[in-house]
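Encoded as structure tokens, the structure appears first; notes follow it.
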Amino acid sequence: MSAAIQATIEFVKLYWAPLLCGVVIVAILPLIVGYIVLVERKLMADMQARLGPMRVGPHGLLQPIADALKLLIKEDIIPDNADKLVFWLAPVLSVGAALLSLAGLAIGPAFQIAQDINIGILFVVGISALGIFGIVLGGWASNSHYSLMGALRSSAQLVSYETAAGMALVSALLFTGTLNIKSIVEAQSKEGIWYVMLAPVAFFTYLVASIAETNRAPFDLPEAESELVAGYMTEFSGFRWSLYFLAEYTNMIVVASVATTLFLGGWLRPFSHVPWLNFLDFVPTLLMVAVGAYCIVRVPKQPVRVQQMFMMAVAGLCFVVGLVLAVPVLVPIAKPFYAGIHGGFWFIFKVSLYIYFFMWLRFTIPRYRFDQLMRLGWHFLIPLSIINVLLVGVALIAGSYFNLHGWGLLLVTTPAAVIALVAALLILAAEKEHDERQQPNTASDFYAG
Amino acid sequence: MLGADELVINMGPQHPSTHGVLRVKLKLDGERVIGSECIIGYLHRGVEKIAENRTYQQFAPYVDRMDYVAAVSSGLGYCEAVEKLLVVEAPPRARVIRTILTELQRIASHLLWLGTHALDIGALTPLFYCFREREEILKIFEKYCGARLTTHAFRIGGLQYEAYDTFEKDVERFCKDFESRIVEYETLLTQNRIWIGRTKGVGILTAADAIAFGVTGPVLRASGVKWDIRKAAPYAAYDQYKFEIPVGTTGDTYDRYLVRMEEMRQSRLICLQAIENIPAGPIMAKVGKVLKPPPGEVYHAIEAPKGEIGYYIVSDGTVMPYRVHIRPPSFINLQAFDRMVRGHLVADVVAIIGTIDIVLGEVDR
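Residue numbers (the numbering used here), protein chains in the order written: chain A, 44 to 492; chain B, 5 to 369.
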């Protein structure tokens with residue numbers, strides 16, 4: 044009996060922190076996603092010469108909560124001819140995979156749910172790819188043509204672009220020689236250079252492939268609202284729909300985090316090894332203070348007293364966060380917390396920039412057609428990423444031959460990147476020639492891919 | 005469900021990009037369209053039959069409800085047709101103001117087309133830029149006649165309202181701003197690789213086909229046929245102004261896009277020329293309170309934003325027309341849809357619906 048209690052205590056000791064962390068993430072992630080959506084809508088409004096949500100709370104700050112509430116209390120509709128079990132399972136599968144893949148990520152050296160997975164990156168990429176089952180099954184279970192076509196498109200798209208993304212990841216992993224997420228970031232810290240500098244072509248390939256993987260514009264064909272109504276989500280409504288939505292945005296966070304970890308130095312400050320740039324440690328604090336100050340400036344503009352108070356509260360929150368960020372830099376006793384707190388800030392900052400780029404792209408350019416999307420994947424991105432892996436490998440061998448490290452590696456990787464670029468241009472030229480030889484008006488048979 | 009047969013899907017009547025209540029039955033092989041059928045009539049209101057039970061003046065507001073995004077143009081066609089039947093002519097001042105308003109309406113209609121067409125192809129932002137400018141035009145309409153959409157701006161024999169005080173200034177300011185705004189849309193689209201990929205070579209309509217289908221308007225001109233009623237049989241005050249008729253070469257979606265963009269520029273030039281010199285004088289010709297055209301028939305067509313809108317009116321000498329037949333450009337342009345869509349993919353279907361620029365109110369009447 045006491046052995047069992049002992050074992051339980053051991054278990055709790057070993058797992059309580061990850062469990063707690065997991066629960067917290069599952070609990071607050073919908074909120075975070077809600078606010079990402081709000082940011083997206085605000086950005087879209089800004090680019091489209093309008094205001095965006097302004098009604099619920101000051102500047103629409105409470106809009107995500109109102110939206111979530113509305114989705115929760117909506118009537119739950121399952122079509123008569125749908126496969127009930129699969130219809131129920133599909134969104135859960137999607138969101139489950141997305142949330143699970145978050146577990147492997149490290150937000151700063153201090154925050155990671157599943158500690159020390161030595162296949163870290165592989166785990167994250169593998170699990171997040173499982174989410175496609177949710178989409179395919181959801182599209183199939185709806186028993187509707189639009190849904191089915193959306194699901195087919197989605198699976199074809201994921202298969203095509205996962206290859207390119209994987210190859211891009213391999214290029215970066217060649218530098219580290221490990222899949223462990225913490226080791227990857229530490230390797231970048233040791234080299235004093237981020238892999239985006241050493242493997243820019245791989246970063247570009249991953250950027251494009253990750254947009255396609257998360258079904259974002261201009262590759263949002265599975266849910267292209269002007270063609271397929273809502274693609275695989277057509278028959279879903281209310282809470283089930285919001286689960287898909289949650290999965291989509293979580294996937295965005297996941298791919299952005301993977302790119303940040305692998306290419307953008309994870310939680311490292313820019314130039315973390317250059318002492319005379321240490322004043323950059325104040326940037327996070329200044330940023331938060333600036334946001335808070337802006338909120339205070341806007342307070343008199345709010346029409347209602349409650350909204351003014353809300354705005355003050357937001358400003359206060361910003362100041363508190365700014366203070367928390369400032370303490371480890373200023374107070375010597377708090378020095379041990381520096382890596383954790385500032386690491387978290389920089390990681391989230393980089394992820395935000397990556398997601399911002401996604402949004403920016405969405406509002407700027409039109410959507411690809413399906414055959415064009417497939418051609419871009421198979422004829423351009425995959426060859427390019429394979430060539431790039433070879434080139435990066437050769438560059439690394441050359442680097443070790445000349446015993447180059449850190450910024451010195453640029454001497455060998457830059458020529459490799461240039462050669463890859465030339466290869467890219469050659470592929471594009473060959474594509475163009477092929478196009479001209481082909482009869483106009485006949486798209487290639489993309490299902491044969 | 006997953007047999008190797010063709011898949012028949014129903015696009016519409018409730019579909020985000022069929023521009024109203026158009027229902028398209030698509031026969032698909034994978035994603036390729038091997039056949040299509042347009043099913044229309046969801047918005048049929050019997051406009052032509054109503055005409056037989058209304059006096060000539062009473063019927064005028066009804067034509068605004070056909071092409072409700074270009075009501076001014078429809079109204080101009082009807083008023084001029086009845087004037088032809090009555091053998092009266094609107095005074096010069098009325099004709100010039102009619103020209104200005106109609107050209108503004110052409111710009112507004114093309115802006116709506118551009119925004120929704122780009123939205124169908126996945127470019128979200130141009131829509132809002134287009135609506136920003138369209139709003140300015142609608143404000144001018146509102147100041148002129150109190151309505152924004154179904155304006156009923158003209159009367160048989162001339163105009164009901166004198167141009168308001170700052171009319172010229174408003175139109176001029178709009179035209180001045182609009183020049184740089186077109187550049188804005190073009191920056192987003194014209195040279196965009198994806199936009200070109202989505203529109204070039206899509207929905208080709210040869211000149212011979214276009215003529216055989218009776219297609220008119222920008223769709224015809226993009227196929228390389230230089231036919232514009234404003235030049236061929238000038239009405240209103242078009243014979244006084246200099247403007248070009250843009251034509252395309254291949255007749256694909258991209259050409260139709262370029263033609264409409266150029267048409268907006270030309271309309272702007274016409275407006276600028278027209279406000280320079282609006283002749284003074286009466287705005288209404290001498291027509292009685294009760295219109296009783298002599299027995300006979302008349303066909304009058306004008307160049308609406310979407311093509312030739314024609315009115316065939318038969319009078320039996322009473323206060324009501326014996327028969328009114330309307331030749332709606334959207335309806336006839338839509339007939340070329342099947343020819344344009346065959347062999348293309350589902351994504352191209354929405355691009356082609358957008359590029360024909362239909363309004364279901366006019367297709368169904």
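We put the CB at the ideal spot given by N, CA and C, even for glycine.
| Asked | Found |
| --- | --- |
| Contacts around residue 490 of chain A, its chain only, beta-carbon distance under 7 Å, and the 5 residues preceding and following it disregarded | In this predicted model, residue 490 of chain A has a pLDDT of only 42, less than 50, meaning its place in the structure is not dependable enough to derive any value. |
| Contact under 8 Å by Cβ, residue 152 of chain A with residue 463 of chain A | no |
| Distance between beta carbons of residue 184 of chain A and residue 133 of chain A, contact taken as under 8 Å | 6 Å |
| Neighbour flag for residue 183 of chain B against chain A, beta carbons, 8 Å | no |
| Other residues of its chain near residue 483 of chain A: CB distance less than 7 Å, five sequence neighbours each side excluded | Since pLDDT at residue 483 of chain A reaches only 48, below the 50 mark, its modelled position is unreliable, and no value is offered. |
| Residue 292 of chain A versus A:149, A:166, A:142, residue with shortest Cα-Cα distance | A:142 |
| Bridge partner(s) assigned by DSSP for residue 13 of chain B | B:30 |
| DSSP-derived helix/strand/coil call for residue 197 of chain A | helix |
| Which of helix, strand or coil DSSP assigns to residue 140 of chain B | helix |
| For residue 50 of chain A, the three-state DSSP class (helix, strand or coil) | helix |
| Rounded distance between the beta-carbons of residue 306 of chain A and residue 237 of chain A, thought under 8 Å | 6 Å |
| 4 or more residues per run - each alpha helix (DSSP H) lying fully within the segment 328 to 407 of chain A | 348 to 373, 381 to 407 |
| Neighbour flag for residue 260 of chain A against chain B, beta carbons, 8 Å | yes |
| Minimum Cβ-Cβ distance from residue 111 of chain A to chain B less than 8 Å | no |
| Minimum Cβ-Cβ distance from residue 492 of chain A to chain B less than 8 Å | Low confidence applies to residue 492 of chain A: its pLDDT is 34, below 50, so where it sits in the model is not reliable, and the reading given next is rough at best. No, residue 492 of chain A does not count as interfacial toward chain B. |
| Touching by the beta-carbon criterion (3+ pairs, under 8 Å), the segment 312 to 332 of chain B and the segment 97 to 109 of chain B | no |
| Inter-stretch contact (C-beta, 8 Å, three-pair minimum) for the segment 193 to 210 of chain B and the segment 348 to 362 of chain B | yes |
| As assigned by DSSP and simplified to three states, the class of residue 40 of chain B | strand |
| Coarse secondary structure for residue 87 of chain A, derived from DSSP in three states | helix |
| is_contact[residue 126 of chain B, chain A] using C-beta, thresh 8 Å | yes |
| Beta-carbon separation (whole angstroms), residue 287 of chain B vs residue 95 of chain B, contact threshold 8 Å | 6 Å |
| Pair within 8 Å by beta-carbon distance, residue 9 of chain B and residue 308 of chain B | no |
| 4 or more residues per run - each alpha helix (DSSP H) lying fully within the segment 177 to 224 of chain A | 188 to 219 |
| Chain B contact for residue 399 of chain A (CB, 8 Å cutoff) | no |
| Residue 155 of chain A, DSSP secondary structure in three states | strand |
| Sequence-distant residues of the same chain with beta carbon closer than 7 Å to residue 366 of chain B, five excluded per side | 70, 71, 332, 334, 335 |
| Sequence-distant residues of the same chain with beta carbon closer than 7 Å to residue 370 of chain A, five excluded per side | 377 |
| Closest residue to residue 327 of chain A among A:451, A:363, A:302 (Cα-Cα distance) | A:363 |
| Same chain, Cβ closer than 6 Å to residue 170 of chain A, five either side skipped, listed in chain order | 140, 143, 144 |
| C-beta atoms of residue 209 of chain B and residue 344 of chain B nearer than 8 Å | yes |
| DSSP three-state assignment for residue 288 of chain B, whether helix, strand or coil | strand |
| Inter-stretch contact at 8 Å, needing at least 3 Cβ pairs: the segment 280 to 298 of chain B / the segment 82 to 95 of chain B | yes |
| Collapsed DSSP secondary structure at residue 202 of chain B in the structure displayed | helix |
| Residue 260 of chain A (DSSP reduced to helix, strand or coil) | coil |
| 8 Å Cβ cutoff, residue 119 of chain B in contact with chain A | no |
| Start-to-end residues for the beta strand (DSSP E) that takes in residue 316 of chain B | 311 to 319 |
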